[in-house]
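As they're listed, the protein sequences go chains A and B.
Note that the working numbering has the first sequence beginning at 1, numbered continuously upward.
Note that the working numbering has the second sequence beginning at 1001, numbered continuously upward.
Beta carbons are placed, not taken as given, at the ideal position from N, Cα and C, and that holds for glycine.
For reference, the structure is listed below as structure tokens.
There are 2 protein chains.
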Amino acid sequence: MWNEIAEQPTVLDRMLGPEGRATAARIASAFTGEVRYVLIAARGTSDNAARYAQYVWGVRNGLPVGLAAPSIFTTYCRPPSLGGALVVALSQSGRSPDVVAVVQEARAQGRPTLAITNDLDSPLANTAEHVFPLEAGPEHAVTATKTYTAELLAVAMLSAAIRGDVPDGELADIPQRVAAAVAGAEETRAAARAFNRVDRCIVLGRGFNLSTTFEWALKLQEACSIAAQPFSSVDFLHGPIAMIEEGFPVFAIVPAGGRHDPLRRLVSELSARRGADVLVVTAPGATYATGVRRIRLSGAMCEWISPIVAAVPIQLFSYHLAVERGSDPDSPHGLAKVTTTW
Amino acid sequence: MWNEIAEQPTVLDRMLGPEGRATAARIASAFTGEVRYVLIAARGTSDNAARYAQYVWGVRNGLPVGLAAPSIFTTYCRPPSLGGALVVALSQSGRSPDVVAVVQEARAQGRPTLAITNDLDSPLANTAEHVFPLEAGPEHAVTATKTYTAELLAVAMLSAAIRGDVPDGELADIPQRVAAAVAGAEETRAAARAFNRVDRCIVLGRGFNLSTTFEWALKLQEACSIAAQPFSSVDFLHGPIAMIEEGFPVFAIVPAGGRHDPLRRLVSELSARRGADVLVVTAPGATYATGVRRIRLSGAMCEWISPIVAAVPIQLFSYHLAVERGSDPDSPHGLAKVTTTW
């Protein structure tokens, strides 16, 4: 897991090369024409990359994006009519049978399909009309890291290509930003040490970083066996806030920008008024209540790019916390790399 | 909360009367024509009713259903192009500003809109083209119960009306089934007592009852301040299963039918092999490993109807558990009935 976290700048830099950019430009045409909306099939970590796509393609490209319920296609064998849909599958292995089933059905209905996958020989790559290869190299740790950020970057590159943005643009310095985040491992380790006895926590975020919020919780569940619950901060206020008592661990992703002042205020109040033990991954310079612990992202960046960079501290945090707790983050108990649906 | 749980048979019976059936038949026409997919805006408990709609309208009516990310419309002010969409809002109060914003945008784009709400004078009811009134009467407890099952029934009635099913049909005996479930309060209280010291748990389910799974977790969070995590059993196998250790409380909804044998086997194995403390809400006669505790649903019923009935034991369980733990289920700490988005 450690090696694969550290490989991320190289993987992302490779994707941003001429070949990757040409792939993005070619596939962007599948998003136009009579496509009314995008339906994404994904599971696990890839489902969190799908949450990123929902915001990126929604906010930047005006495309409604829905997450498919694959069991409608498989367990119930009642695929809906997909007229107007572009069907996108996200899967590092390309071998989740229910994700493949959604793409098969879309092809049978004559709909455009795209697979974003790390395995060009997989059933998924062989089924979809278009394939965006991640070329992240083999991922050995059961807990996905480099294929997650590669999936996010593929989503971002497609967004830029659909808009016809100039090559490079806002994406060009992602590998350096990710490298800077990898270099911040020591700060993250110190933060992890403060939480080495927790058995439950909540993770809060919004918007583009809802992806990071859910991925952080999943990493804590997988690698550290912590009952970590992710919430959109809005849904959190609709009920789950009732759980917060003195000492309850609350993790949050708060990117820069006045748009997220309410979330900043919320986590400060959870700390100051309810005594929650709060840790935020945040931009440098943001102010919080005194007791709030911080992991700082280096430098200012566009919010829509921030989930690719913010993925690193949450991976490092989960890795260090697993090691602190005596778990093996490479092969958590009871997990297989490719999950077959029961 | 107790009174409102007990009122449910009356509320559901009223909805199934001639007026409610005429409303469903009239609104069903909004689902046809050039509607390619349904986009639902909802928060909190209503979001769980939206999960039910995703399966019911998907499996029974062939309609792809996506859950909107309201913040794309509000925080980011970048509403996507909604061509092909029918926009449905679910909200008991009709006053969540971000849910109203999604419907306003859909109307501005000339799309058909439907509000399913308990308040005909609300901003939501005044904004949407079509309104399905729940007529559940005022709901005083902060934790929604009767408006949740009323929302589920509205979704089911619309599904039947879109198919042109004979009036009554499979829906007719829902009020009696719900009354039988309310009468099972004592069995549920005994089950709740066994878990009165837990501070975290997971809740598992699939398909139509993914709604029940998420709603059970939400009720436990709100009313009992328990860190309850809901998972589709498939997503659970993709990582979170690593959390399960000796004594970990696992709740599951397992309706009748061979389709759910894998879930039945999974919960039995979590009990027998990992020592999880398992409670299932299940059909009579289903077999499980020895240690698995059960709450039995009375009688056989179609799986697609079962979430309306299964809602009752999970409400009763949460109510009794809150009382056992000395919490006030009517006004959990830090919650307001109408949540304004931060």
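> Could you give the residue range of the alpha helix (DSSP H) that holds B/Thr1145?
Replying inline: From DSSP, B/Thr1145 is part of no alpha helix (DSSP H); its letter is neither H nor E.
> Are there 16 or more other CB atoms within 10 angstroms of the CB of A/Gly207, so buried, or fewer, so exposed?
Replying inline: Buried, because 16 or more other Cβ atoms sit within 10 Å of the Cβ of A/Gly207.
>> Against chain A, which members of the region 1144–1159 of chain B pass a CB distance test of less than 8 Å?
In response: none
> Taking only beta-carbon atoms, is A/Glu245 less than 8 Å away from chain B?
Replying inline: When Cβ-Cβ separations below 8 Å define contact, A/Glu245 makes contact with chain B.
> Distance, Cα to Cα, B/Thr1143 vs B/Leu1120?
Replying inline: Each residue's alpha carbon lies about 21 Å from the other.
> So B/His1320 is in the alpha helix (DSSP H); what residue range does that whole segment cover?
Replying inline: 1306–1324
> Can you name the start and end residues of the alpha helix (DSSP H) that A/Gly258 belongs to?
Replying inline: Element bounds for A/Gly258: n/a, residue is neither H nor E.
>> Counting only Cβ-Cβ distances shorter than 7 Å, please list the residues of the region 301–329 of chain A near chain B, keeping chain order.
In response: none
>> Please give me, in chain order, every unbroken run of the alpha helix (DSSP H) with length at least 4 that falls completely inside the region 115–163 of chain A.
In response: 123–127, 146–163
>> With DSSP as the reference, identify every bridge partner of A/Phe231, one or two as the case may be.
In response: A/Leu204
>> Per DSSP, what are the beta-bridge partners of B/Ile1295 in this structure?
In response: B/Val1281
>> Report the start-end ranges of each beta strand (DSSP E) in the region 35–63 of chain A that is 3 residues or longer and not cut off at the edges.
In response: 37–41
> What residues from chain B crowd round A/Gly20, counting only those whose CB sits closer than 8 Å?
Replying inline: Going along chain B, no residue has its Cβ under 8 Å from A/Gly20, so there is no contact; the nearest lies around 26 Å.
> Going along chain B, which residues have a C-beta under 8 Å from A/Thr75?
Replying inline: Within 8 Å Cβ-Cβ: Arg1206, Gly1207, Arg1259.
>> Do B/Leu1114 and B/Val1088 count as a contact pair if the criterion is CB distance below 8 Å?
In response: yes
> Closest to A/Glu135 by CA distance: which of A/Met1, A/Ser268, A/Leu16 is it?
Replying inline: A/Leu16
> A/Pro97 by DSSP, collapsed to three states: which one?
Replying inline: helix
>> Suppose you measure from the CA of B/Leu1204 to the CA of B/His1260; what does that come to, to the nearest Å?
In response: 12 Å
> Can you list the residues of chain B that A/Leu86 reaches, using a CB-CB cut of under 9 Å?
Replying inline: Within chain B, no residue comes near A/Leu86; the closest Cβ sits about 12 Å away, beyond 9 Å.
> Taking B/Cys1201 as the reference, which of B/Gly1033, B/Ala1242, B/Thr1045, B/Leu1220 has the closest Cα?
Replying inline: B/Leu1220
>> Is it the case that the region 1179–1186 of chain B contacts the region 1071–1081 of chain B, given that we only count it when at least three CB pairs across the two stretches are under 8 Å?
In response: no
>> So with CB distances below 9 Å, who are the chain B contacts of A/Tyr52?
In response: Chain B residues near A/Tyr52: none, gap ~11 Å exceeds 9 Å.
> Name the chain A residues whose beta carbon is nearer than 7 Å to that of B/Pro1097?
Replying inline: Against chain A, a Cβ distance below 7 Å from B/Pro1097 picks out nothing, because the smallest value is about 10 Å.
> By the criterion of Cβ-Cβ separation under 7 Å, what are the contact partners of A/Gln229 in chain B?
Replying inline: Ala1227, Gln1229
>> Check whether chain A comes within 8 Å of B/Ala941, counting only Cβ atoms and requiring the distance to be less than that.
In response: As shown, chain B starts at 1001 and ends at 1342. That puts residue 941 of chain B outside it, with no answer to give.
>> Would A/Ala69 pass as an interface residue toward chain B - the criterion being a Cβ-Cβ separation below 8 Å?
In response: yes
> Roughly how far, in whole angstroms, is the beta-carbon of A/Ala21 from the beta-carbon of A/Trp304, given that I think they are within contact range, below 8 Å?
Replying inline: The amino acid occupying residue 21 of chain A in the given sequence is Arg; Ala does not appear at that position. Actually they do not touch by this definition, with Cβ atoms about 18 Å apart.
> Among all the DSSP beta bridges, which residues are the ones paired with B/Ile1253?
Replying inline: B/Val1281
> Residues bridged to B/Val1065 by DSSP?
Replying inline: B/Val1038
> In angstroms, rounded to a whole number, what distance separates the CA positions of A/Val11 and A/Ile174?
Replying inline: Rounded to whole angstroms, A/Val11 to A/Ile174 spans 11 Å at the Cα level.
>> Is there a C-beta anywhere in chain A that falls below 8 Å from the one on B/Pro1064?
In response: yes
> Buried or exposed: where does B/Val1344 fall if 16 or more other Cβ atoms within 10 Å of its Cβ makes it buried?
Replying inline: The displayed coordinates of chain B run from 1001 to 1342. Any statement about residue 1344 of chain B would go beyond what the structure contains.
> In terms of residue numbering, what span does the beta strand (DSSP E) encompassing B/Ala1089 cover?
Replying inline: 1085–1091
> So, do the region 27–39 of chain A and the region 49–69 of chain A have three or more beta carbon pairs nearer to each other than 8 Å?
Replying inline: The region 27–39 of chain A is in contact with the region 49–69 of chain A.
> What does a CB cutoff of less than 6 Å around A/Gln54 pick up in its chain, not counting 5 residues either side in sequence?
Replying inline: Val65
> Excluding five sequence neighbours on each side, which residues of the same chain lie with their C-beta closer than 7 Å to the C-beta of A/Trp342?
Replying inline: Note that A/Trp342 has pLDDT 44, beneath the 50 cutoff, so the model's placement of it is unreliable and the number below is only indicative. Excluding sequence neighbours, A/Trp342 sits near nothing in its chain.
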